[in-house]
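Asks: Please find one structure pasted underneath; my questions will follow.
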Amino acid sequence: MRRTATHTPVSVEELVGACLDGASLLVEIAGEPGSGRTRLLGELAAGARRGGLLVAHGLQVVRASPGRGVVRCLDDLDRAGPETARPLRRLLAERPSVPTVITYTVSTGQPPIWLVSCLAAASDSYRTHRIPVGPLTPEDFAAQLPPGTGPMREGLLYELSGGVPGWLGVLSHLTSPQLRELATADHPPGTVPLPANCPPLRALDGLAPEQIEVVRCAAVLGDPFAPALVAAVADRATHAVLSVLDDLVARDLIRAVDGGAPLFRFRHPLLRTLLYARTPPGRRITAHTRAAEALDRVGAPLVQRAPHLARSAEQGDRRTACLLARAARNVLDTRPATAASWLRAALRILPDDDAADPDGPGDPEGIRPAERFRIAALLYHAAERTGQYAECRRLLPALLEAAGNDATPATCPGDLLDRTLIVDLHTRLESDLGRRRLARALLDAELAADPRPGARGERVLLLRKAAMAAAEGDLPATRRHVHQALRHADRAPDVLRVDAAATLALAGAMAGDPPRPAGTDGADGILDAVRMADALGDPELAGRLDAVARLGWALNLAERHGDALRLLTRALGIARRTGRVAALPPLLLGRGYGHAALGGLSAALRDTREAEETALLLGDGERAGWARVLRAWTTLWCEGPDGAADLADHVLRQHPGPGALGEAAAGVLGWARLAQGRPGECLALVLPAARGTDRPPVAGVRVLWWSAATAAASDLGAAGAREYATRAAQGATAFPTAGARAEALRAQALHTPDEAAVRSLSAAVELSAAAGLAVLECRVRLELAQRLVAVGRLEDAATEAGRAKERADRMGARWLRGVAVDTQRRIGASRPRRTSARQGPRSREGEVLSAREEQILDMVCRGMSNREVAGALFVSVKTVEAHLTRIFRKTGARSRASLVAAFAPVRPVRV
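To get my numbering, take the position in the sequence shown, counting from 1, and add 496.
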């Protein structure tokens, strides 16, 4: 019997310490190849050397001096081969003359018989331990990736590798589209680019020809596979295949499936991918043909046969094309990428004259002339869900032409083959990609061509027009289209009611119409929309995820962020489970906005980065721009204005013209410039954004731009500060959410006397705190602390600065925390360290600074570098340094920071 090892993990330090204390140990490090077993063995060897122990690798004889312990390292012992059994058995059976630690690494698969026998014969002098090395956690795995790896790519790498870092050598050089193909395809791609000397392929070295043939046939079948099917594909006897499978199990290429079923699987899915890619193309086609025939003989489900049919059917095989279409329809709602690959294969093998022969004979499976339309329509749905927009555009003209020529099968309203549903999907696609004029033309043409008022198709198209109007803040048009769509409300399905309610809620929020309470004006209440969405099951909601995204944005703009996060998180789970990649960016954007408002800055950054990464993968540059703008806003408070300015400026350069995205980027860049102490640039950026160009203002967002304009004008001493604060107040009155009112109060405080400003800022703190708007609360508390200093209430100022620092710590807002710490220092050093302006700053000895030294001190306190000071005064940097040396001596300051803390005027830090 194999000796039983303890499963309690043992650290390297404990093993070395035990050996130094005179113990002898037999330590097994078990884990998947590539999981870090060898690295852990190396750490043990290094720790042993540091402890003065003799380290040996392999089974060679070593002679240690008396009293000096030995650590022996045996890597990949289970792959050493039976010839290792005799020296290993002799080593383990002998009683060690000095304290000895024998550490070996093995795979988690079934160990070879010879190794089990050797371990069972080990001397009783050895205490046994086992260190399991499992897959890394997502957090530890992310630390292995290059800096800047996006969340989407990070998730794909983790999913494909199973958390085993050894597979990164195969995956890291693949592009994100290639990784997504690997993750979503029903079968591995025929080619996988591999790095030179790919380590996982070394496991194939030394395989006999019959072993290579069997393992390739198993790779064609996929996990898990039955020996009888492998025998059929390899055209060998089952007993011969079983013998080869035993050899492959011994080499840990494949493993028996737990549970007693006569099934096997590959050690790792990527090993199967590499084997499939290394199988010659002709051999793959033959294997797929045999696999399809064998599965058909045993009555396997169509979905199990489809991958092989798609890769082996010949041109003109109508029966197979029909089978693939049926299989694709079965998996479309859960695996749209797989459905798309089968449908492309069906169109490829369908005879070219299929659509041109209306009187041609059918076939046993029911192929008719309209089958090409059916397959193309299903492919359109699969491509739309997976974000293959170019393919959608390619398919649409032929679909519309076929529908216009009555070359389509009879459909029921709402069926996937319904022309209206395809037009609705394509209109949304074009609108989301910024082609709104084309989308409107397509909608208007379809509505004009369908003379049936009140039909479901008309309702769907009118709701799409309402959604487009809502995105532009056109509340009257939105309400008009929704009313037309639901004028026969008793016949409207629940999913369309949710769509209508979400659209109305978003239009109201965009146009500045306050959220209506539940139960008012039918479905126009935002809470009614939430209740209806909650009542729908996941399959129903999956078809209207765009409506969920609209509802989530409406909830965010109404500052119901908790409801928005709950709803959008559910929708994201549905989108991921059903492979609807195209739905991810808007849902992630909405959730990121909610996280940012509530202070979940790290979650917001992750969501916005994934939204941008996914949108770019789909070719949706506009939505990627929105994600970058929101990331810039979050970065401003988390990391500081420099990084935020870079992000916003990048979007502004890409979208310089009039439009909502360019205005939003300009507004965020203006805030960053304000925080950088550049109020003039801020004002030039935010005023056009606040006034708007071709869209109605989003009331709650525009208040932000007017508030920034007020702060910039105040810093510049410009006359417009009062006007801009008034405009902010008007925006908050039109849409009185807590955030808008608090921001307007903050703007008002910027041009009022200190006592009145303290009252306004105190009210703003209460509003933002009650609404849970953590970032806004932190910012307002910092401004309140600075105004409290101005009225001499230093204790209250310190309290507010301390609370702001606590909230910044809780949010992970490092830049805001730095502002809070700086504010605390200024409060502590403000009055005792200041002298009268008439006398100038003095040292403890009473030395007064010269006029030039005071000038330089003021510039340093404003954050200017020595080079900037030199440039402003037209002197050399060395002259500035000489002045600073005298300033340090006279004031007793020991550093630039302490000089600023002691002498900088206590003035507002724009946050």
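Built from N, CA and C at the ideal position, the CB exists for glycine as well.
Please read all numbers here as calculations on a predicted model, not as lab measurements.
#1: Do Leu-992 and Arg-960 have their CB atoms nearer than 8 Å?
#2: According to DSSP, what are the bridge partners of Thr-596?
#3: Is it buried or exposed, Val-508, if we count other Cβ atoms within 10 angstroms and call 16 or more buried?
#4: Output yes or no for whether 8 Å exceeds the beta carbon distance between Val-567 and Ala-544.
#5: Can you look up Ile-863 in the DSSP assignment and give me helix, strand or coil?
#6: Are there 16 or more other CB atoms within 10 angstroms of the CB of Asn-972, so buried, or fewer, so exposed?
#7: For Glu-1177 and Gly-1166, what's the separation of their Cα atoms in angstroms?
#8: What did DSSP end up calling His-625 once you bin it into helix, strand or coil?
#9: If you follow the alpha helix (DSSP H) that Ala-1156 is in, where does it begin and where does it stop?
#10: With DSSP collapsed to three states, give me the class of His-553.
#11: For Thr-1319, count neighbouring Cβ atoms within 10 angstroms of its own Cβ and tell me buried if that reaches 16, exposed if not.
#12: Could you check the C-alpha separation between Ala-1209 and Arg-1062 for me, to the nearest Å?
#13: Leaving aside the five residues before and after Val-1376 along the sequence, list all residues of the same chain whose C-beta is less than 6 Å from its C-beta, in chain order.
#14: Where are the alpha helix (DSSP H) runs, 4 residues long or more, that stay fully inside the stretch 785-839, in chain order?
#15: From Gly-548 to Thr-596, what distance separates their C-alpha atoms?
#16: Helix or strand or just coil, what does DSSP make of Gly-1090?
#17: Just to confirm the assignment, what range does the beta strand (DSSP E) spanning Arg-1072 have?
#18: In terms of alpha-carbon separation, which member of Phe-760, Gly-518, Arg-780, Asp-620 lies closest to Val-594?
#19: Let me see if you follow: with CB-CB separation under 8 Å, is Ala-1207 close to chain B or not?
#20: Please classify Gly-883: does DSSP put it in a helix, a strand, or coil?
#21: Express the C-alpha separation of Arg-1119 and Tyr-449 in angstroms, rounding to a whole number.
#22: Rounded to whole angstroms, what is the Cα-Cα separation between Ala-981 and Asp-995?
#23: With a threshold of 6 Å on Cβ separation, who are the neighbours of Asp-842 within its own chain once the five nearest residues in sequence on each side are excluded?
#24: Quick one: residues in its chain with C-beta nearer than 6 Å to the C-beta of Glu-706, no 5 flanking neighbours on either side, listed in chain order?
#25: Have a look at Glu-1350 and Ala-639 and give me their C-alpha separation to the nearest angstrom.
#26: When the distance is taken between beta carbons, is Thr-1065 closer than 8 Å to Ala-1100?
#27: Compare the C-alpha of Pro-797 against each of Lys-1386, Gly-644, Asn-826, Gly-662 and name the closest.
#28: Tell me whether Glu-1251 is buried or exposed, calling it buried when 16 or more other Cβ atoms sit within 10 Å of its Cβ.
#29: Could you check the C-alpha separation between Leu-540 and Leu-700 for me, to the nearest Å?
#30: Can you tell me the Cα-Cα spacing of Leu-652 and Arg-761, whole angstroms?
#31: Would you mind sorting Phe-1370 into buried or exposed? The rule is 16 or more other CB atoms within 10 Å of its CB.
#32: At a cut of 8 Å, does the stretch 1123-1143 reach the stretch 1084-1093 through at least three beta carbon pairs?
#33: May I have the straight-line CA-CA distance separating Ser-1394 from Gly-1388, to the nearest angstrom?
#34: For Leu-1114 and Asp-574, I'd like the C-alpha separation in whole angstroms.
#35: Less than 8 Å between the CB atoms is what I'm expecting for Ala-809 and Leu-725, so what's the real figure, rounded?
#36: Could you tell me the alpha carbon to alpha carbon distance between Asp-855 and Gly-1048, rounded to whole angstroms?
Replies: Let's see:
#1: As a first step, residue 992 must be located in the sequence shown, where it is residue number 496. As a first step, residue 960 must be located in the sequence shown, where it is residue number 464. No. Outside cutoff.
#2: Within the sequence shown, numbered from 1, the residue matching residue 596 stands at position 100. Bridge partners of Thr-596: Val-566.
#3: Taking the sequence shown and counting its residues from 1, one reaches residue 508 at position 12. Val-508 comes out buried.
#4: In the sequence shown, the residue the question calls residue 567 occupies position 71. In the sequence shown, the residue the question calls residue 544 occupies position 48. Closer than 8 Å, so yes.
#5: Within the sequence shown, the letter at position 367 stands for residue 863. Note that Ile-863 scores 46 on pLDDT, short of 50, meaning its location in the model is unreliable and no value can be drawn from it.
#6: Numbered from its first residue, the sequence shown carries residue 972 at position 476. For the record, residue 972 in the displayed sequence is Pro; it is not Asn. Its Cβ having fewer than 16 others within 10 Å, Pro-972 is exposed.
#7: The residue labelled residue 1177 in the question sits at position 681 within the sequence shown. The residue labelled residue 1166 in the question sits at position 670 within the sequence shown. For Glu-1177 and Gly-1166, the distance between alpha carbons rounds to 7 Å.
#8: Residue numbering aside, residue 625 sits at position 129 when the sequence shown is read from its first letter. The answer is strand: DSSP assigns His-625 an E or B state.
#9: Position 660 of the sequence shown, counting from 1, holds the residue named residue 1156. Counting along the chain, Ala-1156 sits inside the alpha helix (DSSP H) bounded by residues 1156-1171.
#10: Stepping through the sequence shown from its first residue, residue 553 is reached at position 57. Of the three classes helix, strand and coil, the one that applies to His-553 here is strand, per DSSP.
#11: Counting from one through the sequence shown, the residue named residue 1319 turns up at place 823. Thr-1319 comes out buried.
#12: In the sequence shown, counting from the first residue as 1, residue 1209 sits at position 713. In the sequence shown, counting from the first residue as 1, residue 1062 sits at position 566. Taking the straight line joining both Cα atoms gives about 40 Å.
#13: The count along the sequence shown starts at 1 and reaches residue 1376 at position 880. Closer than 6 Å at the Cβ level, and outside the excluded window around Val-1376, lie Asn-1362, Val-1365, Ala-1366.
#14: Segments of the alpha helix (DSSP H) lying fully in the stretch 785-839: 798-806, 814-827.
#15: The sequence position of residue 548 within the sequence shown is 52, counting from 1. The sequence position of residue 596 within the sequence shown is 100, counting from 1. Using only the alpha carbons, I get a separation of about 13 Å.
#16: Start at 1 with the first residue of the sequence shown, and residue 1090 comes out as number 594. Three-state DSSP puts Gly-1090 in a helix.
#17: On the sequence shown, residue 1072 is found 576 positions in, with the first residue counted as 1. No beta strand (DSSP E) holds Arg-1072; the alpha helix (DSSP H) holding it covers 1057-1073.
#18: As a position in the sequence shown, residue 594 is number 98, starting the count at 1. Looking at the Cα atoms, Gly-518 is the closest of the given residues.
#19: The displayed structure is made up of one protein chain only, and chain B is not part of it.
#20: Mapped onto the sequence shown, residue 883 falls at position 387. DSSP places Gly-883 in coil when its eight states are reduced to three.
#21: Since the first residue of the chain shown is 497 and the last is 1407, residue 449 is not available in this structure.
#22: Position 485 of the sequence shown, counting from 1, holds the residue named residue 981. Position 499 of the sequence shown, counting from 1, holds the residue named residue 995. Their Cα atoms are separated by approximately 11 Å.
#23: Counting from 1 along the sequence shown, the entry for residue 842 is found at position 346. Here residue 842 is Ala; the residue named in the question, Asp, does not match the sequence. Same-chain partners within the cutoff: Ala-817, Leu-820, Ala-821, Ile-871.
#24: The residue labelled residue 706 in the question sits at position 210 within the sequence shown. Closer than 6 Å at Cβ, skipping near neighbours: Val-740.
#25: If you number the sequence shown from 1, residue 1350 lands on position 854. If you number the sequence shown from 1, residue 639 lands on position 143. So the alpha carbons of these two residues sit roughly 49 Å apart.
#26: Within the sequence shown, the letter at position 604 stands for residue 1100. Within the sequence shown, the letter at position 569 stands for residue 1065. No, the Cβ-Cβ distance between Ala-1100 and Thr-1065 is not below 8 Å.
#27: Within the sequence shown, the letter at position 301 stands for residue 797. For Pro-797, the nearest C-alpha among the options comes from Asn-826.
#28: Working through the sequence shown from its first residue, we reach residue 1251 at position 755. Residue environment analysis places Glu-1251 among the exposed positions, since fewer than 16 neighbouring C-beta atoms fall within 10 angstroms of its C-beta.
#29: Within the sequence shown, the letter at position 44 stands for residue 540. Within the sequence shown, the letter at position 204 stands for residue 700. The alpha-carbon atoms of Leu-540 and Leu-700 are separated by roughly 29 Å.
#30: Here residue 652 is taken as the residue at index 156 of the sequence shown, counted from 1. Here residue 761 is taken as the residue at index 265 of the sequence shown, counted from 1. Approximately 22 Å between the Cα atoms of the pair.
#31: Within the sequence shown, residue 1370 is the residue found at index 874, counting from 1. So Phe-1370 ends up on the exposed side.
#32: yes
#33: Numbered from 1 along the sequence shown, position 898 holds the residue referred to as residue 1394. Numbered from 1 along the sequence shown, position 892 holds the residue referred to as residue 1388. So the two alpha carbons sit approximately 10 Å from each other.
#34: In the sequence shown, counting from the first residue as 1, residue 1114 sits at position 618. In the sequence shown, counting from the first residue as 1, residue 574 sits at position 78. In a straight line, the C-alpha of Leu-1114 is about 45 Å away from that of Asp-574.
#35: In the sequence shown, counting from the first residue as 1, residue 809 sits at position 313. In the sequence shown, counting from the first residue as 1, residue 725 sits at position 229. Not confirmed; about 19 Å, so no contact.
#36: In the sequence shown, residue 855 corresponds to position 359, counting from 1. In the sequence shown, residue 1048 corresponds to position 552, counting from 1. Any reading at Asp-855 needs caution, since the residue's pLDDT is 44, under 50, leaving its predicted position unreliable; the model's value is listed next. Taking the straight line from one Cα to the other gives about 51 Å.
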